[in-house]
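Working notes, beginning with the structure itself.
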Amino acid sequence: MTQDDPTLYVVPTPLGNLGDMTQRAIDILRAVPWVAAEDTRHTAPLLKHFGSSARMLAAHQHNEEAAARQVIDKLTEGESVALVSDAGTPAVSDPGARLVARVRAAGFRVVPLPGPCAAVTALSASGLTDAHFLFYGFLPAKSKQREDVLRALIDLPYTLVFYEAPHRILETVESLSLIYGMGRTLVMARELTKLFETIHSCPLHEALAWLQADPNRQRGEFVLLVSAAGESKDDGEAQRVLSLLLNEGLPVKQAAKLAHAIVGGGKNALYKLALSLKN
Ligand code: SAM
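Counting from 507, one number per residue, gives the positions in the sequence shown under the working numbering.
Here is the structure:
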């Protein structure tokens with residue numbers, strides 16, 4: 507495949523600040539005859555702003571297979587297409603992955619452009635120092651399922667990255683606090699790149715009260731970042747409880763289990779901490 511072959515370009519768009527559009531993204535939107543957009547009404551002003559006269563076709567989560575066929579038809583006719591979502595990078599908690607898979611399977615060139623992504627933007631300013639992160643995206647809306655997912659992630663030694671909308675922020679932070687308890691840091695990054703951008707870092711168990719103290723803090727789109735299990739600098743409480751239990755003669759395993767019930771946090775991390783205290 508060469509640069510002249512018809513191509514599907516995956517084009518990230520700003521999270522809120524139009525100044526974050528890259529020059530290459532602008533050039534591609536001006537050059538392609540077609541833009542496949544998550545919401546054509548949302549993308550129309552963006553194309554106008556950047557001087558693109560491309561025609562649009564809809565590619566949202568409910569028509570991705572049909573949209574993929576349309577895109578493949580355009581590419582077969584020799585016309586390149588740019589794929590965009592409403593904000594940020596397509597296929598990251600947004601439609602696009604299935605369309606890209608179909609286009610690749612059909613043998614066409616797919617070219618990704620780097621650009622805005624809320625998760626990476628939030629991570630870069632979070633101040634969390636874990637070496638690795640796990641991007642989860644949106645948690646389930648129902649509390650039982652949400653808490654099951656959080657339990658499954660509890661021992662991972664990675665920063666956990668979640669997306670959340672304003673109408674669910676309180677219940678999600680409540681679940682995080684319930685399952686992970688004390689000893690972890692939560693960074694709440696809201697309205698990134700916008701006027702009311704806020705990046706607040708606090709012990710996870712204090713986060714709900716901080717949000718509730720001012721309704722303005724609950725507004726806008728959120729990225730939530732939870733420090734990794736066992737990596738927190740704030741494990742003094744876990745250490746204090748474990749020491750008490752071990753001094754009472756409890757075996758390491760049982761002390762770790764009880765400490766988990768009392769202060770929350772990762773079971774493996776508590777077990778390792780108990781072992782090192784014992785030794
Ligand atoms: N594809 C996008 C990306 O690359 O980040 C994500 C799209 S997803 C449908 C929307 C979610 O991304 C929001 O609910 C929020 O969690 C996060 N998000 C998007 N814009 C944001 C912003 N300006 N500040 C904080 N979070 C944002």
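A virtual CB, placed ideally from N, CA and C, is assigned to each residue, including glycine.
Please classify residue i as buried or exposed, where buried requires at least 16 neighbouring CB atoms within 10 angstroms.
i             : result
lysine 635    : The sequence given here has threonine at residue 635, not lysine. With fewer than 16 other Cβ atoms within 10 Å, it is exposed.
alanine 593   : buried
serine 632    : buried
leucine 524   : exposed
alanine 637   : exposed
alanine 715   : exposed
tyrosine 515  : buried
proline 470   : Lying before the first or after the last residue shown, residue 470 is absent from the chain, which here runs from 507 to 785.
threonine 508 : exposed
lysine 554    : exposed
proline 518   : buried
glutamate 754 : exposed
serine 630    : exposed
arginine 547  : exposed
alanine 719   : exposed
aspartate 510 : exposed
glycine 736   : buried
alanine 780   : buried
threonine 582 : exposed
lysine 784    : exposed
proline 721   : exposed
Could you check how far apart the C-beta atoms of residue i and residue j are, in whole angstroms? I think they sit under 8 Å.
i                 : j              : result
valine 606        : isoleucine 578 : About 11 Å; that fails the 8 Å criterion.
threonine 528     : valine 541     : Rounded, the Cβ-Cβ distance is 16 Å, inconsistent with contact.
valine 729        : alanine 625    : 6 Å
phenylalanine 668 : leucine 645    : 6 Å
isoleucine 660    : lysine 778     : Their Cβ separation, rounded to whole angstroms, is 14 Å, which puts isoleucine 660 and lysine 778 out of contact at 8 Å.
aspartate 545     : histidine 568  : With 8 Å as the limit, aspartate 545 and histidine 568 do not qualify as a contact, their Cβ atoms being about 12 Å apart.
leucine 764       : leucine 751    : 6 Å
Determine the extent of the beta strand (DSSP E) in which residue i is found, giving its start and end residues.
i             : result
leucine 756   : Counting along the chain, leucine 756 falls outside any beta strand (DSSP E), and DSSP gives it neither H nor E.
arginine 723  : Counting along the chain, arginine 723 falls outside any beta strand (DSSP E), and DSSP gives it neither H nor E.
arginine 652  : Note, arginine 652: premise wrong, no beta strand (DSSP E); alpha helix (DSSP H) at 649-658.
serine 586    : Note, serine 586: premise wrong, no beta strand (DSSP E); not H, not E.
leucine 535   : Premise fails: leucine 535 lies in the alpha helix (DSSP H), 529-537, not in any beta strand (DSSP E).
valine 667    : 665-670
threonine 513 : 513-516
Measure the C-alpha to C-alpha separation of residue i and residue j and round it to an integer number of angstroms.
i                 : j              : result
lysine 650        : tyrosine 642   : 17 Å
serine 683        : serine 558     : 46 Å
valine 616        : alanine 588    : 10 Å
glutamate 670     : leucine 731    : 11 Å
cysteine 623      : serine 681     : 25 Å
alanine 537       : arginine 723   : 41 Å
threonine 627     : proline 757    : 44 Å
alanine 573       : arginine 530   : 24 Å
glutamine 745     : histidine 706  : 26 Å
proline 512       : methionine 562 : 17 Å
alanine 734       : alanine 775    : 10 Å
proline 709       : alanine 564    : 43 Å
isoleucine 768    : aspartate 654  : 19 Å
alanine 603       : arginine 690   : 33 Å
valine 679        : alanine 647    : 12 Å
phenylalanine 639 : leucine 662    : 9 Å
threonine 665     : isoleucine 685 : 15 Å
lysine 739        : leucine 698    : Residue placement at lysine 739 is poorly supported in this model, since its pLDDT is 45, which falls under 50; the coordinates still yield a value, given next. For lysine 739 and leucine 698, the distance between alpha carbons rounds to 26 Å.
glutamine 576     : alanine 560    : 15 Å
arginine 652      : glutamate 585  : 43 Å
glycine 770       : serine 782     : 19 Å
proline 618       : valine 598     : 13 Å
methionine 688    : glutamate 677  : 17 Å
Between the options, which has its C-alpha nearest residue i's C-alpha?
i              : options                           : result
glutamate 570  : Pro601, Thr582 and Pro721         : Pro601
lysine 700     : Leu521, Thr508, Val517 and Thr513 : Leu521
valine 747     : Ala761, Leu553, Gly755 and Pro757 : Ala761
alanine 695    : Gly687, Ile685 and Pro672         : Pro672
isoleucine 532 : Phe556, Leu662 and Ala767         : Phe556
glycine 726    : Phe702, Leu783 and Pro539         : Phe702
leucine 692    : Lys648, His711 and Asp545         : His711
leucine 552    : Glu585, Ser591, Arg657 and Ala713 : Ser591
isoleucine 675 : Met688, Ala713, Leu656 and Arg657 : Ala713
Quick one: is the Cβ of residue i within less than 7 Å of any heavy atom of ligand 3?
i          : result
serine 681 : The model depicted lacks ligand 3 and carries ligand 1 instead.
Output the boundary residues of the alpha helix (DSSP H) element that contains residue i.
i             : result
arginine 674  : Taken as a continuous stretch (DSSP letters only), arginine 674 belongs to no alpha helix (DSSP H), as it is neither H nor E.
valine 598    : Taken as a continuous stretch (DSSP letters only), valine 598 belongs to no alpha helix (DSSP H), as it is neither H nor E.
histidine 555 : 546-555
tyrosine 777  : 773-784
serine 707    : Not the alpha helix (DSSP H): serine 707 falls in the beta strand (DSSP E), residues 704-709.
threonine 627 : 624-632
alanine 607   : 603-611
Could you check whether the Cβ of residue i sits closer than 8 Å to any Cβ belonging to chain B?
i          : result
serine 749 : Note that chain B does not occur in the displayed structure, where there is just one protein chain.
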